[in-house]
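As structure tokens, the structure follows; a few thoughts come after it.
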Amino acid sequence: MKVTSIVAFSITLLASIVDSQKACNGYAELCDKLYSEIAYVTTHNSYAAGKQPAANQNFNVSVQLKDGVRGLMLDSVFPDDNPKEMHLCHGNCRLLDAGPAVNTLTTIADWLNENPNEVVTIIWENTANVPTSAFNDVYTQSGLGKFGHVQEVGKGWPSLSKMIDSGKRLVNFINPPSDGSIPMLMSEFEYVFETPFENENQNGFKCTVDRPKGKEQPLYVLNHFLYNNLIPMDNQIQLPQPGLANITNSASLADHAKQCQQTFNKIPNFIAVDFYDKGSNDGQNVFSIVAELNNVKYTQTQIGDGTTNGGNTDNGKVKKNAAQPSVLRNFNALIGLASVSTWAMFVL
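Under mature numbering (1 follows the signal peptide of the UniProt record, and there is no 0), the letters of the sequence shown match residues -20 to -1, 1 to 328, in that order.
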């Protein structure tokens, strides 16, 4: 009886230790926070990476996730030369085609499998009206569908810890709405509103509800990136402005976020930026700004290809797998538990 009691106590103690040491999206402080109470580094046109003039990011989705990006904005299109395969393009695939969507979704699925303490959000722009059946195909083929969280409209969001424990660690929003046949593919503007996204100068960022018009929701996207018209006075083709990213992603972003926090009386959830790896020379960047919004300590570290001095949301403790410290500590705790149990049996 005494042995049983000691073992039971040890198991209870271990469970408490494991729970207290778990990090959610890199921080133990975020575990008990609701999904809706947290700010996430989000990349605008996440798939559009590279050196092309139309690219919005310098590094691909795999690197983005490694660096601490937790919100991904994707655009679904059927290219003219392949009308049956969903690709990731921004409007016109001839301008920039990131290839089949299933490839990027597979990358995300693999990363989630390797990082069990992380919650990721995908925001789909489906202005090309790709049918829901095509989304079902790519989510099934990639293995990403098993992570999909379904949230009832108007109901409070769970904490990150509960989402992680349930295994449903991927939130998917889409606009325009899907046909409803995939419950996890949730209509964006029933949950989220966005600030204006057509910004052409540093002084033009606003804290107004742009989409859906005049209707606030529990979550919101802070759009903070700049466009430049390829042809002056003609917005048919708009290109990002990488040359201004160091300014856009530092003090300008911090001021915009604080202004909107005051305006809406809540922090922005999805901090959408271009060239997420860029920031000011003094270390202020989207990661430090999001950490401040989340009231957690930011630790500067190398991001991207290692040449950019940025930061990530793993608090500088984990380079590739944010769950790794917890796994190691849990293993050590299990060894300790086994030792306690063995000692108890020997003594009693």
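Where is the CB? At the ideal position from N, CA and C, for every residue including glycine.
- Bridge pairing for valine 41: absent [DSSP].
- With 16 or more other Cβ atoms from the protein chains shown falling within 10 Å of its own Cβ, glutamine 221 counts as buried.
- Taking C-alpha positions only, glutamine 241 is separated from isoleucine 247 by approximately 5 Å.
- By the beta-carbon neighbour count (other beta carbons within 10 angstroms, threshold 16), glycine 286 is exposed.
- The way I'd put it, the stretch 153 to 160 doesn't touch the stretch 127 to 142; fewer than three beta-carbon pairs between them come closer than 8 Å.
- The Cβ atoms of phenylalanine 267 and glutamate 196 lie no closer than 8 Å to each other.
- Taking one beta carbon from each stretch, the stretch 88 to 102 and the stretch 43 to 61 have 3 or more pairs nearer than 8 Å; the two touch.
- For isoleucine 283, the uninterrupted beta strand (DSSP E) run begins and ends at 280 to 283, by DSSP.
- One Cα belongs to glutamine 218, the other to lysine 126, and the distance between them is close to 36 Å.
- The beta carbon of alanine 29 sits closer than 7 Å to the beta carbons of Ala35, Gln37, Asn38, Phe39 and Asn40 from its chain, once the five residues preceding and following it are set aside; these are given in chain order.
- Shown here, glycine 79 sits in a strand according to DSSP, grouped into three states.
- Contact between the stretch 116 to 130 and the stretch 75 to 87 is present, with at least three C-beta pairs closer than 8 Å.
- Distance from the CA atom of cysteine 11 to the CA atom of cysteine 4, rounded to whole angstroms, is 5 Å.
- When Ala237, Gly259 and Asn226 are compared, the shortest CA-CA separation from asparagine 249 is found for Ala237.
- Per the C-alpha coordinates, the member of Ala225, Tyr278 and Thr279 positioned closest to serine 260 is Ala225.
- Listed as beta-bridge partners of histidine 67 by DSSP are Val57 and Pro80.
- Separation of the CB atoms of valine 151 and glutamate 174 is rounded to 16 Å, and the pair is thereby denied contact status at 8 Å.
- In the displayed model, methionine 166 falls within a strand according to three-state DSSP.
- In the structure shown, glutamate 196 adopts coil according to DSSP, grouped into three states.
- Residue environment analysis places serine 26 among the buried positions, since at least 16 neighbouring C-beta atoms fall within 10 angstroms of its C-beta.
- Secondary structure note for valine 21: its beta strand (DSSP E) is the uninterrupted segment 20 to 23.
- CA-to-CA, the gap between asparagine 93 and glycine 147 works out to about 10 Å.
- The DSSP-derived three-state label of leucine 52 is strand.
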